[in-house]
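According to the UniProt record's numbering, the sequence shown is numbered sequentially starting from 1. Notes follow once the structure below has been shown.
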Amino acid sequence: MMGNGDVERGGTAPAPPKNRNQSYPQTYYAGGAYDMGGYSDSQWTSWLVPMIVVANVAMFVVIMFVNNCPKNHNGLQGNCVARFLGRLSFQPLRENPLFGPSSSTLDKLGALQWDKIVHQNQAWRLITCIWLHAGVIHLLANMLSLVFIGIRLEQQFGFIRVGVIYLLSGIGGSILSSLFIQRNISVGASGALFGLLGAMLSELFTNWTIYTNKAAALFTLIVIIAINLAVGILPHVDNFAHIGGFLTGFLLGFVLLVRPQFGWLESRHRPATTRLKSKYTVYQYVFWIAATILLIVGFTVGLVMLFKGENANDKCSWCHYLSCVPTSRWNCNN
Numbered sequence: 001m002m003g004n005g006d007v008e009r010g011g012t013a014p015a016p017p018k019n020r021n022q023s024y025p026q027t028y029y030a031g032g033a034y035d036m037g038g039y040s041d042s043q044w045t046s047w048l049v050p051m052i053v054v055a056n057v058a059m060f061v062v063i064m065f066v067n068n069c070p071k072n073h074n075g076l077q078g079n080c081v082a083r084f085l086g087r088l089s090f091q092p093l094r095e096n097p098l099f100g101p102s103s104s105t106l107d108k109l110g111a112l113q114w115d116k117i118v119h120q121n122q123a124w125r126l127i128t129c130i131w132l133h134a135g136v137i138h139l140l141a142n143m144l145s146l147v148f149i150g151i152r153l154e155q156q157f158g159f160i161r162v163g164v165i166y167l168l169s170g171i172g173g174s175i176l177s178s179l180f181i182q183r184n185i186s187v188g189a190s191g192a193l194f195g196l197l198g199a200m201l202s203e204l205f206t207n208w209t210i211y212t213n214k215a216a217a218l219f220t221l222i223v224i225i226a227i228n229l230a231v232g233i234l235p236h237v238d239n240f241a242h243i244g245g246f247l248t249g250f251l252l253g254f255v256l257l258v259r260p261q262f263g264w265l266e267s268r269h270r271p272a273t274t275r276l277k278s279k280y281t282v283y284q285y286v287f288w289i290a291a292t293i294l295l296i297v298g299f300t301v302g303l304v305m306l307f308k309g310e311n312a313n314d315k316c317s318w319c320h321y322l323s324c325v326p327t328s329r330w331n332c333n334n
């Protein structure tokens, strides 16, 4: 395991970066379960999601190049792993079991770090941490999940809406993580990925009438989300980033993924050749307005609390259990 020392204090080894999830099951996206008569749902070509994957892989190569284990490692935790890779070799597994860089390298390149955001005006870390990963295992898990989830969403709704959800969900996860985790660094794209899962769930709710396999789609999504949130209670996994990303994406889904609904009852009394205009329902407008208000309020309150240097644990004494539940096999210190 990686050392438990604090990054800012030095010590025998840097504190482990909070790993934003490990893996996601392949999702069943209900977008294909439409029964919409003569309506043709256009398919977009997915290019943004593959580009995000390429960007994350390229960024990881840069991270390992900067890390340069053979030159910078002090040897206290063992030898560099895969030394044949030269300066791209990994930190000793006792320090980083995910086959990746040191915590100090991640911190240097923009990991989420509460103290530097609040006291050194480095708010850009709320975004840069989304593009950093703690190791090869962390990177592969997140990128495979992104491919399974993101490509289908982009095909259904286009790159602009999916890109906005991905980025804002990542930022939302970073804000909530910073409010609750203030002694460790955090990296990873899983807050953004949970945002896509949340958007899928709200899209199902707001477009409920145009789905045929409603129960199957809803059950599958809830199980997938519950399993992944449950994984987040393990130590060294940043579940606050998951929760913040999920809530942000869930609200954004009501705003950005609304589909026109059709007048099913009216169509029964019209000739088959009559072309019906699509329309939105009252509940869709209610969802849209409520979600917009909650998004604005949530981001405003979160950012104000963050830059005032407040610790959300002081206002919610039990919330830390959402990210780590202590057992006889591990504790949640650090």
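Beta carbons are placed, not taken as given, at the ideal position from N, Cα and C, and that holds for glycine. Since this is a predicted model, take the numbers as computed values, not measurements.
Distance between Asn-207 and Val-286 (C-alpha atoms, nearest Å): Computed Cα separation, rounded: 13 Å.
Can you tell me which of the three DSSP states Gln-284 falls into? Helix, per DSSP.
Does the distance from the C-beta atom of Ile-185 to that of Asp-107 stay below 8 Å? Here Ile-185 is near Asp-107, since their CB atoms are less than 8 Å apart.
Given 8 Å, three or more beta-carbon pairs between the stretch 166–180 and the stretch 243–250: Touching, yes, given that three or more Cβ pairs across the two stretches are closer than 8 Å.
Taking 8 Å as the limit between beta carbons, can you name the residues of its chain near residue 356, skipping five residues before and five after? The requested residue 356 is not part of the displayed model; the chain covers only 1 to 334.
To the nearest angstrom, report how far apart Thr-209 and Glu-203 are at their CA atoms. Answer to the nearest angstrom: the Cα atoms are 11 Å apart.
Just list the residues that DSSP pairs Leu-112 with in beta bridges. According to DSSP, which records beta bridges pairwise, Leu-112 is partnered with Ser-186.
Quick one: grab the DSSP three-state call for Lys-279. Lys-279 falls in the strand class under three-state DSSP.
Limits of the unbroken alpha helix (DSSP H) element including Pro-50: DSSP places Pro-50 in the uninterrupted alpha helix (DSSP H) bounded by 48–67.
Leu-168 and Leu-112 closer than 8 Å at C-beta: Cβ distance not < 8 Å, so Leu-168 and Leu-112 don't count as in contact.
Three-way DSSP call (helix, strand, coil) for Val-258 in this model: In the three-state reduction of the DSSP assignment, Val-258 falls in the coil class, being assigned neither a helical nor a strand state.
Out of curiosity, what's the CA-to-CA distance linking Pro-92 and Gly-135? Each residue's CA atom was taken as its position, placing Pro-92 and Gly-135 some 12 Å apart.
With Cys-332 and Pro-326 assumed to form a contact (beta carbons below 8 Å), what rounded beta-carbon distance in angstroms separates them? Cβ atoms of Cys-332 and Pro-326 come within 8 Å of each other, at about 5 Å.
Give a yes or no on contact between the stretch 136–143 and the stretch 44–59, applying the rule of three or more CB pairs nearer than 8 Å. Segment contact: the stretch 136–143 against the stretch 44–59, three or more CB-CB distances shorter than 8 Å; contact assigned.
Assuming Val-237 is part of the alpha helix (DSSP H), what are its boundary residues? Taken as a continuous stretch (DSSP letters only), Val-237 belongs to no alpha helix (DSSP H), as it is neither H nor E.
Shorter than 7 Å, the distance from the beta carbon of Val-49 to the closest heavy atom of the ligand COA, or not? In the structure shown, the ligand COA is absent, as is every other ligand, since no ligand is present at all.
Which same chain residues, not among the five before or five after Gly-232, have their C-beta less than 6 Å away from its C-beta? Within its own chain, the residues whose Cβ lies closer than 6 Å to the Cβ of Gly-232, once the five positions on either side in sequence are excluded, are Asn-239 and His-242, listed in chain order.
Please report the straight-line C-alpha distance between Cys-316 and Phe-180, rounded to a whole angstrom. When the Cα atoms are used, Cys-316 and Phe-180 turn out to be separated by approximately 9 Å.
Per DSSP, what kind of secondary structure is Phe-99 in: helix, strand or coil? Coil.
Keeping to the same chain, check which residues put their C-beta closer than 6 Å to that of Lys-116; ignore five residues upstream and five downstream. Here the set comprises Gln-122.
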